[in-house]
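There are 2 protein chains.
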Amino acid sequence: TIPQATVARLPRYLHCLTDMVDSEAKCSSEQLAIAAGVNSAQVRKDFSYLGSYGTRGVGYDIRELRSQIRKVLGLTRTYPVVIVGAGNLGSALTNYKGFDAWGFDVVAVVDIDNDKIGDPVDGLKIESANRLADIVKERGIEIGIIATPASAAQSVANRLAEAGVTSILNLAPTILQTSDEVFIRRVDLSTELGILAFHRNSG
Amino acid sequence: TIPQATVARLPRYLHCLTDMVDSEAKCSSEQLAIAAGVNSAQVRKDFSYLGSYGTRGVGYDIRELRSQIRKVLGLTRTYPVVIVGAGNLGSALTNYKGFDAWGFDVVAVVDIDNDKIGDPVDGLKIESANRLADIVKERGIEIGIIATPASAAQSVANRLAEAGVTSILNLAPTILQTSDEVFIRRVDLSTELGILAFHRNSG
Ligand SMILES: NC(=O)c1ccc[n+]([C@@H]2O[C@H](COP(=O)([O-])OP(=O)(O)OC[C@H]3O[C@@H](n4cnc5c(N)ncnc54)[C@H](O)[C@@H]3O)[C@@H](O)[C@H]2O)c1
Ligand SMILES: NC(=O)c1ccc[n+]([C@@H]2O[C@H](COP(=O)([O-])OP(=O)(O)OC[C@H]3O[C@@H](n4cnc5c(N)ncnc54)[C@H](O)[C@@H]3O)[C@@H](O)[C@H]2O)c1
């Protein structure tokens, strides 16, 4: 099977290959390494897990590599997504067109604030979080994005899991406790700034 | 020196300790491990790099540990931050109060769109990106957050570096090429969703 660290780099290669596909037919592992910010031996090793070896002196076929990565990542179909929390961040995410290109389709955005429920956000209407389980079932939702305050994130994760959503992107600065079949990715922007601060101090 | 992987976990421990500090005086490595989503041996190892060993059977002093981590991360003072790009994401970030608690103070938000320049966002006014170098100097800005389209991100990074901002959080889905003294953290939400999709497919 493909190592986790390789999986985590595949979307990055996909971005780079997508930037190149309109201008080049082939690329070398060196070119891709520079574009992706890794070393070229890492590129060759990662692609060997996909069964892609490239041709010495010629490199990799960009279109073929892209479709290979998309297949491995499962990006050959659309994934219906729900965003929980229609505040600053949740609304920005709902408006974001960049997810469509990857096949992530935000089909619902829910909140508990009665002042927000019914408001339009990018072609959708904010719906009540009370209907989360029904919405998940009606629209076959597979991925949930948590954009609520940290204090609500755990109960939201529980309700998503109960409704059958076992892939969760948690944007609230808190660690969720979930059962093994729920897979969680976490992004915490304050942590990222904290790491930048560390590097400024250890100069 | 402290390993990179340990540094990346410190903000997470800080979140957990901050959640605990009002209710407990001490915590064990097991408690912290569960809260932070790592194993307890990792907790003990990470803290040994900080010179914190806890007392067998009693655990770690929460307040002491927090101030130790803040000191190591350099979070004992305020860092002036500029956000470049006042669109959906940039505005959400400017409105976000969570950064203040960590000492990250958004002191400017700039854009190139004349329709946006002069508009208020959370107590600030959107300023022209043409004045970036002056704004960095006038307000002693140390960290830059890039929230522009990917196509503009590289030129923005160059201008931030020229203006003396060598710590950058890049939110645009592109890999920046910068000189060695510029330190970059990257967050790409589509990549996070891509990794979730992979796990759904590999079952
Ligand atoms: N805005 C940012 O730039 C930013 C940056 C980093 C982290 N975050 C994190 O993202 C999360 C959202 O931030 P924000 O700035 O959008 O906050 P916000 O207060 O603007 O929005 C939160 C929304 O969640 C809703 N909500 C609360 N409990 C809920 C529940 N149980 N179910 C459904 N909706 C619920 C609220 O009604 C509100 O509309 C927070 O956890 C924050 O720490 C935000
Ligand atoms: N909105 C999201 O939820 C989200 C999610 C993931 C990634 N992103 C990434 O974050 C970035 C911003 O996304 P968004 O949704 O806010 O886009 P947006 O189009 O709403 O905002 C981008 C802003 O950047 C400004 N801009 C363009 N070039 C500039 C330059 N050279 N200097 C200063 N400002 C400039 C534009 O005028 C605009 O106001 C994009 O790269 C996007 O891919 C956004």
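So the protein sequences, as listed, match chains A and B.
Residue 4 is where the first sequence starts when you use our numbering, and the numbers rise one by one after that.
Residue 4 is where the second sequence starts when you use our numbering, and the numbers rise one by one after that.
C-beta: ideal position from N, C-alpha, C; glycine also.
What you are looking at is a predicted structure, and each value in this text was computed from that prediction instead of being measured.
| Check | Outcome |
| --- | --- |
| Rounded separation between Val41/A and Ser182/B - CA only | 15 Å |
| Helix, strand or coil at Phe186/A [DSSP, three-state] | strand |
| The region 174 to 193 of chain B contacting the region 42 to 51 of chain A, beta-carbon criterion three pairs below 8 Å | no |
| Nearest residue (CA-CA) to Asp125/B, options Ala89/B, Asp25/B and Ser70/B | Ala89/B |
| Interface flag, Cys30/A vs chain B, CB-CB below 8 Å | no |
| Ile72/A - containing alpha helix (DSSP H), residue span | Ile65 to Leu76 |
| Residues of the region 58 to 70 of chain A with Cβ closer than 7 Å to any Cβ of chain B, in chain order | none |
| Residues in the region 131 to 156 of chain A having any Cβ partner in chain D nearer than 7 Å | Note that chain D does not occur in the displayed structure, where the protein chains are A and B. |
| Residue of Asp108/A, Ile37/A, Asp122/A and Ala160/A minimising C-alpha distance to Thr177/A | Ala160/A |
| Inter-residue spacing [alpha-carbon to alpha-carbon] between Arg203/B and Val110/A | 18 Å |
| Check: Ile178/A C-beta below 7 Å from any heavy atom of ligand 1 | no |
| Cut-off 6 Å between Cβ atoms - residues of its own chain near Arg142/B, not counting five sequence neighbours on either side | Pro83 and Val110 |
| Touch test, the region 71 to 87 of chain B against the region 104 to 122 of chain B, Cβ-Cβ under 8 Å, three pairs minimum | yes |
| Residue nearest to Ile198/B in terms of C-alpha spacing, selected from Ile37/A, Arg73/A, Phe201/A and Ile198/A | Arg73/A |
| At least three beta-carbon pairs within less than 8 Å, the region 19 to 33 of chain A to the region 49 to 64 of chain A | yes |
| As assigned by DSSP and simplified to three states, the class of Val41/B | coil |
| Proximal chain B residues relative to Ala44/A, where beta-carbon distance stays under 9 Å | Chain B residues near Ala44/A: none, gap ~18 Å exceeds 9 Å. |
| Neighbourhood of Asp114/B by C-beta distance below 7 Å, restricted to the same chain and skipping five residues each side | Gly88, Ala89, Ile120, Ile129 and Ala132 |
| Cross-chain neighbours of Ala166/B in chain A, by beta carbon under 8 Å | Correct list: empty, because the minimum Cβ distance to chain A is about 15 Å. |
| Val159/A, DSSP secondary structure in three states | helix |
| Amino acids of chain B, ordered along the chain, whose beta-carbon sits closer than 9 Å to that of Pro2/A | The shown model of chain A, from 4 to 206, leaves out residue 2/A, and the question about it has no answer. |
| Beta-carbon gap between Val24/A and Arg59/A smaller than 8 Å | no |
| Minimum Cβ-Cβ distance from Val190/B to chain A less than 8 Å | yes |
| Ala89/A: contacting residues in chain B (beta-carbon distance under 8 Å) | By Cβ distance, chain B contributes nothing, its closest Cβ being about 12 Å from Ala89/A, past 8 Å. |
| Collapsed DSSP secondary structure at Asp49/B in the structure displayed | helix |
| Per-residue DSSP class, three states only, for Lys140/A | helix |
| Partner residues on chain B for Arg1/A, Cβ-Cβ distance less than 8 Å | Residue 1/A lies beyond the stretch modelled for chain A, which goes from 4 to 206, so this question has no answer here. |
| Proximal residues of chain B, C-beta to C-beta of Tyr99/A below 7 Å | Asn91 |
| Endpoints, the alpha helix (DSSP H) within which Leu196/B is located | Leu192 to Asn204 |
| For Asp118/B and Leu76/A, the rounded distance between their alpha carbons | 40 Å |
| N-terminal and C-terminal residue of the beta strand (DSSP E) that Asn173/A is part of | Ser170 to Asn173 |
| Tyr2/B burial status per 10 Å Cβ neighbour count (16 or more: buried) | A question about residue 2/B goes unanswered here, because the residues of chain B that appear run from 4 up to 206. |
| As assigned by DSSP and simplified to three states, the class of Leu27/A | Here the sequence assigns Glu to residue 27/A, which means Leu is not the residue at that position. Residue state, collapsed to three classes: coil. |
| CA nearest to the CA of Gly54/A, picked from Ala136/A, Thr4/A and Ala28/A | Thr4/A |
| Euclidean distance between Cα positions of Asp137/A and Ile146/A | 15 Å |
| Alpha-carbon spacing of Lys100/A relative to Gln71/B, whole angstroms | 42 Å |
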